[in-house]
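To start, the structure itself, in C-alpha cells.
Number of protein chains: 2
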Amino acid sequence: MTEKDIQFMKRAIKLAQEGMNSNAGGPFGAVVVKDGEIIAEGFNRVTSTNDPTAHAEVVAIRRACEKLGTFQLDDCIVYTSCEPCPMCLGAIYWARPKAVFYACDKVDAAKIDFDDQFIYEELDKKMGERTIKFTQILQKDAQVVFNEWDSKVNKTEY
Amino acid sequence: MTEKDIQFMKRAIKLAQEGMNSNAGGPFGAVVVKDGEIIAEGFNRVTSTNDPTAHAEVVAIRRACEKLGTFQLDDCIVYTSCEPCPMCLGAIYWARPKAVFYACDKVDAAKIDFDDQFIYEELDKKMGERTIKFTQILQKDAQVVFNEWDSKVNKTEY
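As you go down the protein sequences, you meet chains U and L in turn. Under my numbering, think of the first position of the first sequence as 20, with each following residue one higher. Under my numbering, think of the first position of the second sequence as 20, with each following residue one higher.
Right under this line is the structure:
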C-alpha cells in the first residue's frame, strides 16, 4: 500500500460520503486510476436515477471507458469504498483492469442491509434452488446465432 | 413454457441476431416483460459504445426501469438469449424481477470464446488467488460512512 493508494481510496470514500449526503443512492464511491492519475469517478446513483445497475464501480468504469474511448481498462486500477458485489465484480472482469483496491467488505455491506452476501450465495446455488426462478427454453434456436457469431468474419471480440 | 414464453424468447433471439448483424456487439439479446407485454428490449452494445457493462440484460433492465420510473422490476420477467453472466445475474438480483428465461447457457458461451464461465470460476476463488489482484485497505475509514448510512433518517433503501 503506497501513499498514492491511500490518497485514491480516500477519494473513493469521500465520493461515497458525497453520494450518500446528496441522496444519490447508497454509501458507495469508486475511482479509476491510470498512470497515477484519476481518470474517472463515480458514486452510487441507483435510487436517484432509477437504475439498479448504477453502482459506484459501474458508473466509474463506464465513465473511464468513455474517456479512454475503449471497452477495456488496460493498466488501470479500480479503487472502491466497498468490496464489489457480484454485478460489479463481473463488470470489473469484463473491463479487465490490472488491480482492485477495496475498503469495506461484503460483511460490512450485509450489516447495513445490502444484499451482496445474499447474491453471492445465490450464484452458488443450482438454477432450480434460486430465489428467482431460472428456466432454460429454446436453446437450439439461440445456438444458431452463436454459430453465426463463431463464423462471422468482421467482428470485434471482447 | 407457454406460447407467450416462446414468443418473447424468439424476440430476444431476434435481437441477438440484429445486434450481431449491425456490429453493435456480441450475439446477445434480451427483453423485459410486464403484464404480458414487452416493456423494454436490448442487445449487446459493448464494442460499439465502449461500455463493458452494456450487455443485453443490463441494457434491457436499465430501459425497463427508466420506463417504469423505478429501480425495481416488480412482477417482471426477463427473457435473455443466453444464461446471464455474473455481472448480469447480479444486475437481475438487484432489479428483482420475478423470473428469468434463458436460451443458450454458459457452456455455449464459452464455446464461442466468451468469458462467462471463467468469471464464474474467479468468483469462487479467494481474493488472493484471483487473476485480478484484490487488496483491502482503509476498511475502518470506509466503515465510518457505512455507520452514517445506518443511522441516516432520510434515505431510500434498495
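Glycine is no exception: its CB is placed at the ideal position from the N, C-alpha and C atoms.
Residue environment, residue i, which counts as buried when at least 16 other CB atoms sit within 10 Å
| i | result |
| --- | --- |
| residue 134 of chain L | buried |
| residue 63 of chain U | buried |
| residue 125 of chain U | buried |
| residue 150 of chain U | exposed |
| residue 56 of chain U | exposed |
| residue 76 of chain U | buried |
| residue 176 of chain U | exposed |
| residue 38 of chain U | buried |
| residue 88 of chain U | exposed |
Residue i versus residue j - alpha carbon distance
| i | j | result |
| --- | --- | --- |
| residue 48 of chain L | residue 21 of chain U | 43 Å |
| residue 105 of chain U | residue 23 of chain L | 31 Å |
| residue 174 of chain L | residue 71 of chain U | 16 Å |
| residue 152 of chain U | residue 108 of chain U | 22 Å |
| residue 155 of chain L | residue 66 of chain U | 27 Å |
| residue 171 of chain U | residue 34 of chain L | 17 Å |
| residue 141 of chain U | residue 127 of chain L | 22 Å |
| residue 169 of chain L | residue 164 of chain U | 47 Å |
| residue 114 of chain L | residue 91 of chain L | 5 Å |
| residue 60 of chain L | residue 41 of chain U | 31 Å |
| residue 110 of chain L | residue 54 of chain U | 30 Å |
| residue 166 of chain U | residue 129 of chain L | 12 Å |
| residue 28 of chain U | residue 146 of chain L | 18 Å |
| residue 32 of chain L | residue 46 of chain U | 37 Å |
| residue 123 of chain U | residue 136 of chain U | 13 Å |
| residue 74 of chain L | residue 112 of chain L | 15 Å |
| residue 159 of chain U | residue 148 of chain U | 24 Å |
| residue 36 of chain L | residue 132 of chain U | 40 Å |
| residue 44 of chain U | residue 43 of chain L | 30 Å |
| residue 52 of chain L | residue 86 of chain L | 12 Å |
| residue 119 of chain U | residue 103 of chain L | 23 Å |
Simplified DSSP state of residue i, which is helix, strand or coil
| i | result |
| --- | --- |
| residue 100 of chain L | strand |
| residue 59 of chain U | strand |
| residue 121 of chain L | strand |
| residue 152 of chain U | strand |
| residue 86 of chain U | helix |
| residue 44 of chain L | coil |
| residue 73 of chain L | coil |
| residue 143 of chain L | coil |
| residue 108 of chain L | helix |
| residue 80 of chain L | helix |
| residue 126 of chain U | helix |
| residue 115 of chain L | coil |
| residue 214 of chain U | Because residue 214 of chain U is not part of the residues shown, which for chain U are 20 to 177, the question remains open. |
| residue 166 of chain L | helix |
| residue 68 of chain U | helix |
| residue 27 of chain U | helix |
| residue 137 of chain L | helix |
| residue 176 of chain U | coil |
| residue 32 of chain U | helix |
| residue 160 of chain U | helix |
CB contact flag (residue i, residue j, <9 Å)
| i | j | result |
| --- | --- | --- |
| residue 121 of chain U | residue 139 of chain U | no |
| residue 95 of chain U | residue 69 of chain L | no |
| residue 79 of chain L | residue 101 of chain U | no |
| residue 25 of chain U | residue 157 of chain L | yes |
| residue 81 of chain U | residue 50 of chain U | no |
| residue 93 of chain L | residue 117 of chain L | yes |
Those residues which DSSP pairs with residue i across a bridge
| i | result |
| --- | --- |
| residue 53 of chain L | L:56, L:95 |
Any non-hydrogen atom of the ligand COA within 8 Å of residue i CB
| i | result |
| --- | --- |
| residue 169 of chain U | Ligands displayed in this structure: none; no statement on the ligand COA is therefore possible. |
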